[in-house]
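What follows is a single structure, written as structure tokens, with notes after it.
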Amino acid sequence: MNDRTRQFEAAAMPHLDAAYNLARWLVRDEHAADDVVQEAFLRALRYFGSFHGDDPKPWLLGIVRNTCFTWLRDNRGAAQTAEYDDEIVGEQREPGIEPRADNPEQLLSAKQQSDHLNTAIAQLPPVFREVIILRELEELAYEDIARIAGIPLGTVMSRLSRARSYLRAAMLQDTKGTSDEPSR
Amino acid sequence: MSRHDERGDAALNASIRSGATRHTAPPALRADVLRAVRHAHPGRSPQHKAWQQWFGLGAAFAAGILVSWLAGVLQPAPDAGERIESQVIAAHVRSLMPGHVADIASSDQHTVKPWLSTRLDFSPPVNDLRAEGFALTGGRLDYVNERPVAALVYLRNGHVINVFVWPEVNRGGATRKPASSHNGFNVATWDQRGMRFWAVSDLAAVELNGFAERLQQQDGAGT
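Which chain is which? The protein sequence lines are A and B, in order. Residues in the first sequence are numbered from 8 upward in steps of one, following the working numbering. Residues in the second sequence are numbered from 80 upward in steps of one, following the working numbering.
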């Protein structure tokens with residue numbers, strides 16, 4: 008293994024989880040996400056010579072993002088009809104919610120809320136989903152998100168705002184269906 | 080926590096951060112990626128196997144010297160050549176901004192060539208034409224046609240010439256006009272020895288053509 012590969016590994020491998028997370032959320036398919044991440048990393052390796060910045064994470068996520076959108080474009084039919092894979096949600100790390108041993112009802116509702124949230128995010132159109140994931144889960148700066156998504160800063164803000172409105176409305180709707188109301 | 084009234088953004092963001100799933104890469108994927116990255120590296124040979132593997136180019140450098148005088152090859156997409164032309168012009172103009180022209184500032188081809196080769200997955204031919212009045216002033220990494228490329232920087236009577244180089248197979252096709260003009264810049268393109276060259280400058284077309292001709296003669300005669 009030569010120097011360049013070593014440098015690339017050091018720069019890119021720490022961000023494999025972030026890359027996979029973004030890919031999973033965008034393509035909504037476990038196997039496609041695997042393929043996309045591998046393809047993106049190989050592309051990133053080829054382009055590594057032109058990476059001049061300090062932080063490889065946004066650079067790498069930009070390549071992952073573009074590879075995802077190419078996949079979405081090429082698999083338009085599959086992407087639209089695919090349901091969010093609920094089984095996979097259960098296999099992943101538990102969301103960071105503190106369980107309250109004294110209040111099992113609250114615990115149940117936290118898990119429910121988490122599922123609703125995951126579903127709501129998954130149902131966002133991809134361009135809204137990506138900014139939410141990059142901002143709230145990857146905690147990237149607005150400038151980095153703008154570069155990754157290839158949009159102006161203002162568009163990042165407005166898409167985040169609209170995405171949040173979508174999510175609020177979706178959560179509201181879901182809760183009305185699962186609250187203590189007598190009938191749906 | 081089951082209340083879902085209108086929330087402020089802060090509350091929603093907090094619930095996303097704590098409630099949405101953060102997927103982690105499965106161990107098998109991590110192993111696959113590592114393996115792919117380590118095997119993809121082309122090593123020291125310019126026949127970068129990863130490039131071929133991913134784009135199925137086959138024996139890219141099997142043929143001998145390919146000299147198509149100012150024959151920029153048109154790819155299957157009819158306007159690909161124009162797209163690349165505007166990209167190299169943009170890259171050229173960007174390079175003229177202060178401090179942006181060279182990553183490695185040296186007039187020694189034996190310094191510039193290895194500097195570029197170790198940072199790209201190919202080895203660009205670097206020639207010195209000082210005797211003909213075109214001084215090599217340095218090299219730069221650039222990005223054209225969705226790939227990293229080498230940019231060799233020459234100076235002629237105060238005019239900067241950028242020569243963008245990347246590996247490409249001559250697929251045959253119509254020839255382009257030599258040294259065509261675009262917004263005050265002249266652009267010439269040719270293929271040689273499995274590499275595609277694009278030369279950009281505000282130098283007069285006649286002079287740029289002469290420069291291109293000399294570069295091709297040097298490259299054809301040299302190693």
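All C-beta atoms, glycine included, are put in the ideal place defined by N, C-alpha and C.
Count the other C-beta atoms from every protein chain shown that fall within 10 angstroms of the C-beta of residue i, then say buried if there are 16 or more, exposed otherwise.
{"i": "residue 285/B", "result": "exposed"}
{"i": "residue 225/B", "result": "exposed"}
{"i": "residue 221/B", "result": "buried"}
{"i": "residue 120/A", "result": "buried"}
{"i": "residue 98/B", "result": "buried"}
{"i": "residue 295/B", "result": "buried"}
{"i": "residue 160/A", "result": "exposed"}
{"i": "residue 274/B", "result": "buried"}
{"i": "residue 151/A", "result": "buried"}
Between which two residues does the beta strand (DSSP E) harbouring residue i extend?
{"i": "residue 241/B", "result": "238–246"}
{"i": "residue 278/B", "result": "274–280"}
{"i": "residue 175/B", "result": "Where residue 175/B is concerned, there is no enclosing beta strand (DSSP E), given that its DSSP letter is neither H nor E."}
{"i": "residue 270/B", "result": "264–271"}
{"i": "residue 226/B", "result": "226–235"}
Can you give me the Cβ contacts of residue i inside the same chain, cut-off strictly under 7 Å, excluding the 5 residues immediately before and after it?
{"i": "residue 298/B", "result": "204, 206, 271, 272"}
{"i": "residue 263/B", "result": "281"}
{"i": "residue 212/B", "result": "235"}
{"i": "residue 19/A", "result": "48, 51, 63, 67"}
{"i": "residue 101/B", "result": "none"}
{"i": "residue 166/B", "result": "223, 224"}
Between which two residues does the alpha helix (DSSP H) harbouring residue i extend?
{"i": "residue 180/B", "result": "No alpha helix (DSSP H) contains residue 180/B, which DSSP labels as neither H nor E."}
{"i": "residue 135/A", "result": "133–139"}
{"i": "residue 158/A", "result": "Note, residue 158/A: premise wrong, no alpha helix (DSSP H); not H, not E."}
{"i": "residue 60/A", "result": "No alpha helix (DSSP H) contains residue 60/A, which DSSP labels as neither H nor E."}
{"i": "residue 99/B", "result": "That residue, residue 99/B, is in no alpha helix (DSSP H); it is neither H nor E in DSSP."}
{"i": "residue 106/B", "result": "106–119"}
{"i": "residue 142/A", "result": "Unbroken run through residue 142/A: none, as it is neither H nor E."}
{"i": "residue 31/A", "result": "23–34"}
{"i": "residue 18/A", "result": "10–19"}
Taking 7 Å as the cut-off, is the beta-carbon of residue i closer than that to any non-hydrogen atom of the ligand ZN?
{"i": "residue 113/B", "result": "Within the structure as shown, the ligand ZN is missing, as the structure has no ligands at all."}
For residue i, which residues in the same chain have their Cβ closer than 8 Å to its Cβ, ignoring the five residues on either side in sequence?
{"i": "residue 89/A", "result": "A caution first: residue 89/A carries a pLDDT of 45, below 50, which makes its placement in the model too unreliable to give a value."}
{"i": "residue 127/A", "result": "173, 174, 177, 178, 181"}
{"i": "residue 180/B", "result": "174, 216, 217, 219, 232, 239"}
{"i": "residue 190/B", "result": "183"}
{"i": "residue 105/A", "result": "The predicted model places residue 105/A with a pLDDT of 44, which falls under 50 and marks its position as unreliable; any figure quoted below should be read in that light. Hits under 8 Å: none found."}
Can you find the residues in the same chain that come closer than 6 Å, C-beta to C-beta, to residue i, ignoring five residues on each side of it along the sequence?
{"i": "residue 64/A", "result": "22"}
{"i": "residue 283/B", "result": "none"}
Under 8 Å, with one C-beta from each stretch per pair, do the stretch 229–239 of chain B and the stretch 189–206 of chain B reach the 3-pair mark?
yes
Take every Cβ of the stretch 29–36 of chain A, pair it with every Cβ of the stretch 65–82 of chain A, and state whether three or more of those distances are shorter than 8 Å.
yes
Please give the ranges of any alpha helix (DSSP H) in the stretch 185–220 of chain B, keeping only runs that are unbroken, at least 4 residues long and fully inside the region.
Fully enclosed alpha helix (DSSP H) runs of 4 or longer: 188–196.
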